[in-house]
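Just add 21 to the spot in the sequence shown (first one is 1) and you have our numbering. Backbone N, C-alpha and C fix where the C-beta goes; we use that ideal spot for every residue, glycine too.
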Amino acid sequence: MLTSNENDLLTRTGPGDPGGELLRRYWQPVALAEELPTGGAPLPVKLLGEDLVLFRDERGRPGLLGIHCAHRGADLSYGRLEDGGIRCIYHGWLYDRTGRCLEQPGEPAGSTFHQRIRQTAYSCVEAGGLILAYLGPGEAPLLPDYEFFTAPSEYVAPTKALVACNYLQANEGNFDPVHLSFLHRRIESDDDLHVKDVTPTIDVEETAFGARVYAIRRVAVDSNFVKVRAFIMPNLGAAAGDGGGGYQVNWHVPIDDTSHWRYMILFRRTTPFDEGDRRSFRNGVNADYKQSRNRGNRYLQDRAEMKLGTYTGMGAEFLTHDTAATEGEGLIQDRTQEHLGYTDRAIVALRQMLLSAVRDVQEGRDPPHVVRDPAANHFADIEVTQGLVPSSDSWRGFWKRDFASVGRSGAVPTRSTS
Ligand code: FES
Ligand SMILES: [Fe+2]
Numbered sequence: 022m023l024t025s026n027e028n029d030l031l032t033r034t035g036p037g038d039p040g041g042e043l044l045r046r047y048w049q050p051v052a053l054a055e056e057l058p059t060g061g062a063p064l065p066v067k068l069l070g071e072d073l074v075l076f077r078d079e080r081g082r083p084g085l086l087g088i089h090c091a092h093r094g095a096d097l098s099y100g101r102l103e104d105g106g107i108r109c110i111y112h113g114w115l116y117d118r119t120g121r122c123l124e125q126p127g128e129p130a131g132s133t134f135h136q137r138i139r140q141t142a143y144s145c146v147e148a149g150g151l152i153l154a155y156l157g158p159g160e161a162p163l164l165p166d167y168e169f170f171t172a173p174s175e176y177v178a179p180t181k182a183l184v185a186c187n188y189l190q191a192n193e194g195n196f197d198p199v200h201l202s203f204l205h206r207r208i209e210s211d212d213d214l215h216v217k218d219v220t221p222t223i224d225v226e227e228t229a230f231g232a233r234v235y236a237i238r239r240v241a242v243d244s245n246f247v248k249v250r251a252f253i254m255p256n257l258g259a260a261a262g263d264g265g266g267g268y269q270v271n272w273h274v275p276i277d278d279t280s281h282w283r284y285m286i287l288f289r290r291t292t293p294f295d296e297g298d299r300r301s302f303r304n305g306v307n308a309d310y311k312q313s314r315n316r317g318n319r320y321l322q323d324r325a326e327m328k329l330g331t332y333t334g335m336g337a338e339f340l341t342h343d344t345a346a347t348e349g350e351g352l353i354q355d356r357t358q359e360h361l362g363y364t365d366r367a368i369v370a371l372r373q374m375l376l377s378a379v380r381d382v383q384e385g386r387d388p389p390h391v392v393r394d395p396a397a398n399h400f401a402d403i404e405v406t407q408g409l410v411p412s413s414d415s416w417r418g419f420w421k422r423d424f425a426s427v428g429r430s431g432a433v434p435t436r437s438t439s
């Protein structure tokens, strides 16, 4: 349970809100690169409650500006892409991607007024099929060296889906190992190890990027089924992938306080994606990135399917199940009314890390996982794996088995093992 004040601290994400200021200290996805093809139209976007326009200049470089023209507020997403920037269609003011006003063609010849105009502008980079922006103060930190940012594009499949609730409850859902024994269950599937033991031991290990979350299920007298996933500060996580030796990232990016984009990045180490793989990864997501099963149609829940098919009666897609569960908690979950149990251990740890990080920002410090030192910018130890481990063995360190087997460096820093 949180106090009302703590709940506000973590769920309010606009400019000036403590939680919003925390999220602004990290690079955040602002669009998929496929939404902004070179030569394409500017894209109106909303991120952390701010209305912005994303565009490419004539050299193909992404720029992110406040959507309302500094002159009299016209919408720059209708603007003309020309002359090294974006030009407002109302009176022709021209802005470059750094927010400088290059021209005010209606002002008298020789006027220097344009030199005093600054449009809100945020830094952008492109990586892993995403365009990311830094909305915080001062110099942007390094983009974390995640494997899914540096891998060849054939090994990375990014997409996104609209979720109509606050980002935090969906972010928390990624660190709730017990819901795999229920929400995503297939009825009459007797080989599902998640169902063989629905009361796993849960263990949380703090790391430089956030935390490793272990779920340990006793599935035989002499062996445990161990799953390892990663919480990455402050609003993403990596969970089991699709068998290609990698993992899936879910990155919950606030549009505003009551809706967010779930950016999903599937990353493989061993097998490149083909078009069929990419299509099936988008199952349930329409061309506009809204979900075909949604709150408006009650996720097309089918009571007959609940008897023989799936636990939820909402089809096979985990995305649908997660969306129904987290949207059901309300637009912003009232955490003063919840009752947390043992199964919520990782969520409690996550909230403590976020509240501590909010305090860091309030007191003028960089929060954890804001990366400024190139020598520390290595995150190959974000390892997501699962397998049977002899009961006599420790589950901590189990993730290193796969880590070593694919030949990645073992020299990875782990901040503490509390
Ligand atoms: S409102 Fe944009 S140029 Fe006048
Ligand atoms: Fe889930």
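Item, Value
"Identify the residues that DSSP records as bridge partners of L376: which are they?", "For L376, which the question treats as bridged, DSSP gives no partner whatsoever."
"Taking only runs that begin and end inside the region 29–59, name each unbroken alpha helix (DSSP H) of 4 or more residues, in chain order.", "39–44"
"Kindly indicate which three-state DSSP category I368 falls into: helix, strand or coil?", "helix"
"When you compare each of T364, S98, G351 to Y188 by their alpha carbons, which one comes out closest?", "G351"
"Would the beta-carbon of G194 be found less than 8 Å away from any heavy atom of ligand 2?", "yes"
"With respect to the alpha helix (DSSP H) encompassing N318, which residues constitute its N-terminal and C-terminal limits?", "Premise fails: N318 is in no alpha helix (DSSP H) and is neither H nor E."
"What's the C-alpha gap between R380 and V234?", "23 Å"
"Can you check which of these residues, G267, W282, G265, G266, is closest to H273 by C-alpha distance?", "W282"
"Would A62 be called buried (16 or more neighbouring beta carbons within 10 Å of its own) or exposed?", "exposed"
"Could you check what DSSP says for E27 in three-state terms: helix, strand or coil?", "helix"
"Taking its Cβ as the centre, do 16 or more other Cβ atoms sit within 10 Å of F134, making it buried, or is it exposed?", "exposed"
"Quick one: using the 10 Å Cβ neighbour count with 16 as the cut-off for buried, is V225 buried or exposed?", "buried"
"Distance cutoff 9 Å, beta carbons only. Does V379 sit that close to anything in chain D?", "You won't find chain D in this structure, because it holds only one protein chain."
"Go ahead and pull the three-state DSSP assignment for L123.", "strand"
"At the level of alpha carbons, what is the spacing between G106 and G84?", "9 Å"
"Using the rule of at least 16 other Cβ atoms within 10 Å of the residue's Cβ for burial, across every protein chain shown, is Y363 buried or exposed?", "exposed"
"Name the residue from I253, F246, G120, C145 whose alpha carbon lies nearest to the alpha carbon of A370.", "I253"
"Rounded to whole angstroms, what is the Cα-Cα separation between N398 and G149?", "17 Å"
"Provide the residue span of the beta strand (DSSP E) that contains D277, from first to last.", "268–277"
"Name the residue from R324, V66, Q49, A191 whose alpha carbon lies nearest to the alpha carbon of T347.", "A191"
"With burial defined as no fewer than 16 other Cβ atoms inside 10 Å of the residue's Cβ, what is the status of Q136: buried or exposed?", "exposed"
"Here's the rule I'm using: 16 or more other beta-carbon atoms within 10 Å means buried, otherwise exposed. How should N271 be labelled?", "buried"
"Is it true that the region 199–214 meets the region 327–343, where meeting means three or more beta-carbon pairs spaced less than 8 Å apart?", "yes"
"From the DSSP output, in three-state form, read off F76 for me.", "strand"
"Would you check if the region 94–105 and the region 142–157 touch, i.e. whether three or more CB-CB distances between them fall below 8 Å?", "no"
"With a threshold of 16 other CB atoms inside 10 Å of the CB of A396, please say whether the residue is buried or exposed.", "exposed"
"What alpha helix (DSSP H) runs, 4 residues minimum, are completely inside the region 97–181?", "168–171"
"Quick one: what does DSSP say L183 is sitting in, helix, strand or coil?", "strand"
"Name the residue from E103, C122, P275 whose alpha carbon lies nearest to the alpha carbon of A91.", "C122"
"Quick one, which of G317, Q358, G231 has its alpha-carbon nearest P165's?", "G231"
"Roughly how far, in whole angstroms, is the beta-carbon of E56 from the beta-carbon of L64, given that I think they are within contact range, below 8 Å?", "6 Å"
"Once DSSP output is grouped into helix, strand and coil, what is the label at F246?", "strand"
"For a quick check, are the C-beta atoms of I138 and W114 less than 9 Å apart?", "yes"
"Going along the chain, which residues put their C-beta within less than 7 Å of some heavy atom in ligand 1?", "C90, H92, R93, G94, A95, C109, Y111, H112, G113, W114"
"Buried or exposed: where does I403 fall if 16 or more other Cβ atoms within 10 Å of its Cβ makes it buried?", "buried"
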